[in-house]
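Numbering (my numbering), first residue to last: 16 to 296.
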């Protein structure tokens with residue numbers, strides 16, 4: 016998170032140099048204030064955005080007693096408020112949690128997940144998602160998502176300024192240094208933001224696995240569910256890279272380069288940790 020703030024600050028300072036030419040600080044503070052305002056808006060609206068992007072439909076106990084009761088029992092076990100429960104009509108097995116805090120949380124599962132999981136495995140998956148709520152990962156990922164978007168927007172503005180004459184000096188001539196900085200901002204800043212986002216998300220996934228196993232006292236069920244996700248996993252029909260970090264398993268099948276930016280640790284490593292620590296759980 017500190018690296019994110021440094022990155023946004025560096026982009027703001029670069030924008031300040033572009034606009035003022037001497038680093039007065041006006042544009043710099045403008046970028047920081049704008050970033051904070053955007054993250055605040057995202058903080059309150061990201062949950063509904065994620066559910067809409069996934070095509071999630073709210074359900075009641077009468078709609079799907081199996082899923083609803085498992086979530087209800089987990090909420091009682093963990094002492095958390097009952098989250099809203101959603102169903103995503105997608106054959107790809109997956110699940111996610113969203114919201115800004117336990118009082119405004121929601122959990123969702125795909126129809127494909129319900130088809131391949133037995134009750135113990137489904138409980139393990141939903142315990143993992145409830146762990147994200149308990150550990151306030153939903154808040155962390157919301158803020159991280161907002162900062163990623165801010166970095167992308169500022170980098171895009173800097174690149175446009177460099178390419179389309181946003182900064183003209185010396186009798187209308189373009190400054191070559193500004194073009195270089197604009198290119199660097201356009202390419203490097205979003206890459207760094209994606210790397211930081213992926214690193215944060217991977218650690219939170221390990222923590223949610225451990226918390227979920229502690230909740231159910233049945234790490235083998237979660238390990239079995241993860242193994243099935245690895246075997247039967249497929250890309251979601253509605254792929255959204257911006258919310259990939261929210262899902263239980265990576266919803267996008269990565270290529271060789273994409274693995275650097277994976278928001279989830281390898282399923283094999285997650286299963287290994289659960290099995291090796293089952294006695295402790």
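In this text, a Cβ means the ideal position worked out from N, Cα and C, and glycines have one as well. This structure is a prediction, so every number in the text was calculated from the model and none was measured.
Per-residue DSSP class, three states only, for residue i
i	result
residue 271	Low confidence applies here, because residue 271 scores a pLDDT of 44, under 50, leaving its location unreliable and the question unanswered by this model.
residue 111	strand
residue 186	In this prediction, residue 186 scores a pLDDT of 46, lower than 50, which makes its location untrustworthy; the coordinate-derived value is nonetheless stated afterwards. Coil at residue 186, not helix or strand.
residue 149	helix
residue 293	coil
residue 76	coil
Run of the beta strand (DSSP E) containing residue i, from where it starts to where it stops
i	result
residue 261	No beta strand (DSSP E) contains residue 261, which DSSP labels as neither H nor E.
residue 72	71-73
residue 124	121-125
residue 251	Element bounds for residue 251: n/a, residue is neither H nor E.
Option nearest residue i by Cα separation, candidates the options
i	options	result
residue 250	58, 127, 18	127
residue 141	173, 226, 77, 107	226
residue 132	213, 247, 283, 292	247
residue 109	242, 295, 93	242
residue 175	25, 17, 30, 23	30
residue 164	208, 138, 96	208
residue 224	144, 203, 151, 75	144
residue 170	148, 40, 46, 64	46
residue 24	162, 236, 263	162
residue 228	211, 48, 294	294
residue 148	94, 22, 160	94
Bounding residues of the alpha helix (DSSP H) (the contiguous stretch that carries residue i)
i	result
residue 82	80-93
Min CB distance residue i to chain C below 9 Å
i	result
residue 217	No chain C is present in this structure, which holds just one protein chain.
Own chain residues within Cβ distance below 7 Å of residue i, not counting five before or after
i	result
residue 239	136
residue 233	135, 139
residue 154	115, 116
residue 272	Reliability of the predicted coordinates at residue 272 is poor, the pLDDT of 46 falling under 50, and the value obtained from them is presented with this limitation in mind. No residues qualify anywhere along the chain.
Close-in-space but distant-in-sequence residues of the same chain around residue i (CB under 8 Å, 5 per side omitted)
i	result
residue 221	280, 285, 288
Same chain only: Cβ atoms within 6 Å of residue i, ignoring 5 sequence neighbours per side
i	result
residue 282	241, 245
residue 75	none
residue 96	117, 118
residue 123	71, 101, 103, 111
* When the Cβ atoms of the region 65-84 are set against those of the region 107-114, are three or more pairs found closer than 8 Å? -> Cβ pair count under 8 Å is three or more, so yes.
* Touch test, the region 78-86 against the region 46-66, Cβ-Cβ under 8 Å, three pairs minimum -> In this structure the region 78-86 does not lie against the region 46-66, because fewer than three pairs of beta carbons, one per stretch, are closer than 8 Å.
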